[in-house]
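Residue numbers (the working numbering): 30 to 139.
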C-alpha cells in the first residue's frame, strides 16, 4: 500500500514559479522593467515573498518565485495592478519564447 500524497490546506500560500527565456539583447531591459514591479508587490496585503533567480549556465534564463496567500486576489486584482502594465506590455518583445508558469504549495521547509 502506498503512502498518501500530502496535500496543502486550501488556505496555504501558493508559489508561482515563472520561467523566462529572455532575448540575450533584452536582459538589461527585462531587469529594469521587472525591478519596479517587484518593489511594488512587496506592499500588497496578500504578498508573502518573491525571489528572482538566474541560470548560472544561461544568463538570459530567469526564474521568478512569487508567493501569495490568495489565488483569487492574484488572478483578479494583482495581475491587473497599474504598476504591472509596462511590464506586461513589453513581455512579447523581451522574451524568446512564452513564459512558463507553474503553481506550487509548500509541503516542507527546513
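Here a beta-carbon is modelled for each residue, glycine too, at the ideal position from N, C-alpha and C.
Euclidean distance between Cα positions of residue i and residue j
i, j, result
"residue 123", "residue 76", "25 Å"
"residue 43", "residue 120", "23 Å"
"residue 99", "residue 113", "18 Å"
"residue 129", "residue 86", "19 Å"
"residue 28", "residue 136", "Because the chain here runs from 30 to 139, residue 28 falls outside it and cannot be looked at."
"residue 132", "residue 46", "6 Å"
"residue 51", "residue 139", "32 Å"
"residue 49", "residue 41", "25 Å"
"residue 118", "residue 109", "12 Å"
"residue 38", "residue 54", "Only weak support is given to the placement of residue 38: the predicted model assigns it a pLDDT of 44, under 50, and the question is left unresolved by the model."
Proximity to residue i [Cα-Cα], best of the options
i, options, result
"residue 81", "41, 91, 102 and 117", "91"
"residue 9", "93, 138 and 134", "Limits of the chain in this structure are 30 at one end and 139 at the other, which puts residue 9 out of reach."
Coil, strand or helix - residue i by DSSP
i, result
"residue 111", "helix"
"residue 77", "strand"
"residue 37", "Summary for residue 37: the model assigns pLDDT 44, below 50, so the residue's position carries little reliability; its value from the coordinates is reported in the next sentence. Correct three-state label for residue 37: coil."
"residue 46", "strand"
"residue 85", "coil"
"residue 131", "strand"
Buried or exposed by the 16-neighbour rule on C-beta atoms within 10 Å, applied to residue i
i, result
"residue 126", "exposed"
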